[in-house]
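> Once you've had a glance at the structure underneath, I'll fire off some questions.
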Amino acid sequence: MNIEEFREYCLSLGEVEEKLPFAKMPGGDSVLVFYVSGHTFCYCDLNDLRVVVKCQPERIPELLDTAEGVTPPDSHFSIKYWIGIDLQTISEKLLKELVAGSFEMVKGKYEKKRVKSQR
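My numbering numbers the first residue of the sequence shown as 5 and each following residue consecutively.
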């Protein structure tokens, strides 16, 4: 999957915002971040074929050991909750599963908080 197809897939999940929040930082003008409920579920560098997504902590060790294209995240992300993905080597099916899982995890967490605060 190329970066444009990846972007289109993320946007197709619904209720997704995309921003370039680091544009004023050196090298940050190419970091595209995808949000749901105002929180990051995925980001990518438009100059690279690597993305980072949130993941269920219990799945990460197995994915790192067995899934081609899954790597530790960038150093500023916790390996407990995030994984890196190489778009050139991961299967499209697994990529979509992991991105959709990240979207649902973040959306679910913050929708629950929003509902509690409205009570």
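Cβ atoms here follow ideal geometry from the backbone N, Cα and C, with glycine treated the same way.
Rounded C-beta distance between K111 and S16? I'm assuming under 8 Å.
So it is not a contact: roughly 14 Å between Cβ atoms.
> At which residues does the beta strand (DSSP E) containing C48 begin and terminate?
Per DSSP, C48 belongs to the beta strand (DSSP E) from H43 to D49.
> Take P77 as the anchor and find which of D52, F26, K58 and L102 has the nearest alpha-carbon.
Answer by Cα proximity: K58.
> As a quick exercise: from D52, E96 and C48, pick the residue whose alpha carbon is nearest that of A2.
Residue 2 lies beyond the stretch modelled for the chain, which goes from 5 to 123, so this question has no answer here.
> What would DSSP say about K28, mapped onto helix, strand or coil?
Three-state DSSP puts K28 in coil, outside helix and strand.
> Given L50, which residues of its chain have a CB within under 8 Å of its CB, disregarding the five upstream and five downstream residues?
Closer than 8 Å at the Cβ level, and outside the excluded window around L50, lie I7, S34, V35 and L36.
> With L53 and Q92 assumed to form a contact (beta carbons below 8 Å), what rounded beta-carbon distance in angstroms separates them?
Indeed they touch by this definition, with Cβ atoms about 5 Å apart.
> Give me, in chain order, the residues of the same chain whose beta-carbon lies closer than 6 Å to that of A27; leave out the 5 immediate sequence neighbours on both sides.
So the qualifying residues of the chain are D33.
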